[in-house]
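Using this note's numbering, you'd call the opening residue of the sequence shown number 250 and step up by one each time. Beta carbons are placed, not taken as given, at the ideal position from N, Cα and C, and that holds for glycine. Before any comments, here is the structure.
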Amino acid sequence: HWTGFYEQADDIGPEIIAEKYRTTQEACHGCAIGCKYIYNVKEGAFAGGPAGGPEYETLMAFGSNCLNNDVESIFHMGTRCDLIGMDTISCGKTIGFAMELWEKGILTEKDTDGLDLSWGNVDSMVKLVEMIGKREGIGDMLSKGVRKAAEIIGGDAWKYAVHVKGLEASGQDPRAHQSIGLTYATNVRGADHLRSLSSLEELGYPEIVSERFDAEKVDEILDIMSPKHKGEIIKDIEDLYALVDSAVICKYSTMWPPIFYYDTFVNVISPLTGMTEWSEMKYVKQAAERISHLRRAYNHRLGITRKQENLPQRLLKEPMPTGPAKGGLPDLDEMLDEYYDFRGCDRETGFPKREKLQELGLDYVADDLAKRKMLARGK
Numbered sequence: 250h251w252t253g254f255y256e257q258a259d260d261i262g263p264e265i266i267a268e269k270y271r272t273t274q275e276a277c278h279g280c281a282i283g284c285k286y287i288y289n290v291k292e293g294a295f296a297g298g299p300a301g302g303p304e305y306e307t308l309m310a311f312g313s314n315c316l317n318n319d320v321e322s323i324f325h326m327g328t329r330c331d332l333i334g335m336d337t338i339s340c341g342k343t344i345g346f347a348m349e350l351w352e353k354g355i356l357t358e359k360d361t362d363g364l365d366l367s368w369g370n371v372d373s374m375v376k377l378v379e380m381i382g383k384r385e386g387i388g389d390m391l392s393k394g395v396r397k398a399a400e401i402i403g404g405d406a407w408k409y410a411v412h413v414k415g416l417e418a419s420g421q422d423p424r425a426h427q428s429i430g431l432t433y434a435t436n437v438r439g440a441d442h443l444r445s446l447s448s449l450e451e452l453g454y455p456e457i458v459s460e461r462f463d464a465e466k467v468d469e470i471l472d473i474m475s476p477k478h479k480g481e482i483i484k485d486i487e488d489l490y491a492l493v494d495s496a497v498i499c500k501y502s503t504m505w506p507p508i509f510y511y512d513t514f515v516n517v518i519s520p521l522t523g524m525t526e527w528s529e530m531k532y533v534k535q536a537a538e539r540i541s542h543l544r545r546a547y548n549h550r551l552g553i554t555r556k557q558e559n560l561p562q563r564l565l566k567e568p569m570p571t572g573p574a575k576g577g578l579p580d581l582d583e584m585l586d587e588y589y590d591f592r593g594c595d596r597e598t599g600f601p602k603r604e605k606l607q608e609l610g611l612d613y614v615a616d617d618l619a620k621r622k623m624l625a626r627g628k
């Protein structure tokens, strides 16, 4: 739970899953990738299947996050979340939060309905998934997520509640990957990787970086521990994700690796739909920016400013204690300043500038925000 590198991660990794549990793979209609693998546990306490197997985030949330190397239990908890209708990231991260509070003595047996929440206690984890899903006992409080649970518990519980805007952070650590910190902070729905995660430097694509940005910036952009130019690339990728989502296109087949770009939409949307305006690059980019600014404007109306586009103190102030990124911390302020500059927003508040909204044909949004004093001053 955000305290370092998990030494037993290989026990729940893809190699052992492929060797012992994967039986086949399935694909969505028309897809040649087939990323959904089917697992089967033939015997033991968690015998079950065939069923869709967990991906990285579920393995992380119920595995390394909770110091749990029992991969069969992770299969079980992931499947139960799917059937109940719960997000595996938030559920697993909330259980990890509760386990850390147990370790710190903030939660005791009288708070947990007698459950022992020691790290890696599989029996308690499995029970908690059910209790959270049914809002029973301590599960009722934990079902609210780490932010609200910390508020209810009080005291120092907030120190261990890792979230942005109330959403539990997914499985990328800003102390080991600078730009994901900016992604978490600026994402309109919180600490989520599905709105602007950059695989450019995470996986390393120098040729693509050189094509899309200034060739002289390549080395700094590809440096995963450098904040340089991350505001520029996250703004760009956030807009691109907006198009991908609007077109209902899978990110696995388009963004990881980063295959699709704006020219893809120029070449595809107009011939498919007959909408000739989509054949112009300027129109495509403005459409993407409009989506991003409309999302941000909605958040501003709910009170979101630069103050809320932040990271929890653990990720900002506590250096990565172990692993390859030991000592790492994100330089969020530098990245935010650059992001706001490229986004056309005020550095101090995060509010948009009138000329940017007018450029995008969003005059009515500018007028509405101005009435609410949520437009950048003097613009």
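| Query | Result |
| --- | --- |
| Within a Cβ cutoff of 6 angstroms, which residues of the same chain sit near His-250, ignoring the five residues on either side of it in sequence? | Asn-314, Gly-345 and Glu-349 |
| Give the range of the beta strand (DSSP E) segment to which Asn-289 is assigned. | 285-290 |
| Which full runs of the alpha helix (DSSP H) of 4+ residues lie inside the region 544-619, going along the chain? | 562-566, 581-592 and 603-608 |
| Thinking C-alpha only, which one of Leu-543, Asn-370, Cys-280 and Asp-336 is nearest Val-614? | Leu-543 |
| If you check the beta carbons only, do Gly-430 and Pro-579 fall under 8 angstroms apart? | yes |
| By the three-class DSSP mapping on this structure, what secondary structure does Leu-416 have? | strand |
| For His-412, collect the residues of the same chain with a Cβ closer than 8 angstroms to its Cβ; drop the 5 residues on either side in sequence, then sort them by chain order. | Gly-394, Val-395, Arg-396, Ala-418, Gly-439, Ala-440 and Pro-561 |
| Using the three-state DSSP reduction, which class does Thr-328 fall into: helix, strand or coil? | helix |
| Please give the ranges of any alpha helix (DSSP H) in the region 254-317, keeping only runs that are unbroken, at least 4 residues long and fully inside the region. | 263-269 and 305-311 |
| Please report how far the alpha carbon of Arg-402 lies from the alpha carbon of Ile-338, in whole angstroms. | In the sequence under discussion, the amino acid at residue 402 is Ile, which differs from the Arg named in the question. C-alpha separation (whole angstroms): 21 angstroms. |
| Which residue's Cα is closest to the Cα of Ile-333: Met-380, Ile-498 and Asp-617? | Met-380 |
| His-373 to Tyr-270, Cα distance in whole Å? | Correcting the residue identity first, residue 373 is Ser in this sequence and not His. For Ser-373 and Tyr-270, the distance between alpha carbons rounds to 24 angstroms. |
| Out of Arg-555, Asp-612, Glu-567 and Glu-608, which one is the CA nearest neighbour of Met-584? | Arg-555 |
| Going by C-alpha distance, which of Glu-487, Asp-582 and Gly-312 is nearest Glu-256? | Gly-312 |
| Decide yes or no for the touch test of the region 297-306 against the region 318-327: beta carbon pairs closer than 8 angstroms, at least 3 of them. | yes |
| Buried or exposed for Arg-545, please, with buried defined as at least 16 other CB atoms from any protein chain shown within 10 angstroms of its CB. | buried |
| Buried or exposed: Tyr-305, going by 16 or more other Cβ atoms within 10 Å of its Cβ? | exposed |
| Rounded to a whole number of angstroms, what is the C-alpha to C-alpha distance between Lys-477 and Arg-461? | 16 angstroms |
| Please give me, in chain order, every unbroken run of the alpha helix (DSSP H) with length at least 4 that falls completely inside the region 487-535. | 511-522 |
| In the DSSP assignment, the alpha helix (DSSP H) including Gln-421 goes from what residue to what residue? | Unbroken run through Gln-421: none, as it is neither H nor E. |
| Under 8 angstroms by Cβ, that's how I've got Ile-261 and Leu-308 pegged, so tell me the actual separation to the nearest angstrom. | 5 angstroms |
| How many whole angstroms separate the CB atoms of Glu-538 and Leu-609, which I take to be in contact at a CB cut-off of 8 angstroms? | 6 angstroms |
| Can you tell me whether Tyr-490 is buried or exposed, with buried defined as 16 or more other CB within 10 angstroms of its CB? | buried |
| Label Thr-522 either buried or exposed according to how many other C-beta atoms from any shown protein chain fall within 10 Å of its C-beta, with 16 as the threshold for buried. | exposed |
| In whole angstroms, what is the alpha-carbon distance linking Arg-223 and Tyr-532? | Because the chain is modelled from 250 through 628, residue 223 falls outside the range shown and cannot be assessed. |
| On a CA-only basis, which of Glu-558, Gly-577 and Gln-557 is nearest Lys-566? Give me that one, please. | Gly-577 |
| Would you identify the three-state DSSP class for Leu-356, choosing helix, strand or coil? | coil |
| Taking the Cβ atom as the reference point for each residue, do Tyr-588 and Thr-435 lie within a distance shorter than 8 angstroms? | yes |
| Suppose contacts are defined by Cβ-Cβ distances below 8 angstroms. Is Gln-427 in contact with Met-474 by that definition? | yes |
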